[in-house]
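Asker:
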Amino acid sequence: MTITVAIPTLNRPGDMAAFMPTLASQTRLPDEFIVVDAGDPGALEEEMQRSLGETGITLKYLRSEKGLCIQRNVALDHAEGDIIFFFDDDVELEPEYIEKVMECFEM
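Numbering (my numbering), first residue to last: 35 to 141.
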């Protein structure tokens with residue numbers, strides 16, 4: 035099964051920067067990472083790509099109008115994973131989070 039992680043965000047680059055190392059250090063990495071940004075234009079896309087480094091995770095950086103439901107639907111429209119994880123932009127994951135959840139789906 036392929037995995038997508040999606041995060042809607044709005045003017046919270048510090049929170050996104052704190053999230054990125056916890057995504058990149060997962061024991062089971064997602065196949066793609068979707069950021070739906072409704073905030074002020076800036077360098078968030080470049081920062082996210084740099085944070086992913088050599089993980090092999092594909093980044094899809096999308097712009098959207100504000101609204102959590104709108105942004106999540108934009109992510110759904112572009113997601114290619116069989117399983118989609120939606121997180122808030124201030125989440126920090128435990129290293130085995132995705133692995134443990136996927137064990138349930140693979141039973």
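Backbone N, C-alpha and C fix where the C-beta goes; we use that ideal spot for every residue, glycine too. Note that the coordinates shown come from a computational prediction; the quantities given were computed from them, not determined experimentally.
Using alpha carbons as the reference points, say which of ALA40, ILE37 and LEU44 lies closest to LYS100.
Answerer: Among ALA40, ILE37 and LEU44, the Cα nearest to that of LYS100 is on LEU44.
Asker: Going by beta-carbon coordinates alone, are ALA58 and PHE120 separated by less than 7 Å?
Answerer: No.
Asker: State the DSSP-derived secondary structure class of ILE91, mapped to helix, strand or coil.
Answerer: In this structure, ILE91 counts as coil in the three-state DSSP scheme.
Asker: Specify, as a first and last residue, the run of the beta strand (DSSP E) that VAL5 falls within.
Answerer: No answer is possible for residue 5: it lies beyond the span of the chain, which begins at 35 and ends at 141.
Asker: Can you tell me whether PHE139 is buried or exposed, with buried defined as 16 or more other CB within 10 angstroms of its CB?
Answerer: Answer is exposed; the Cβ neighbour count stays below 16.
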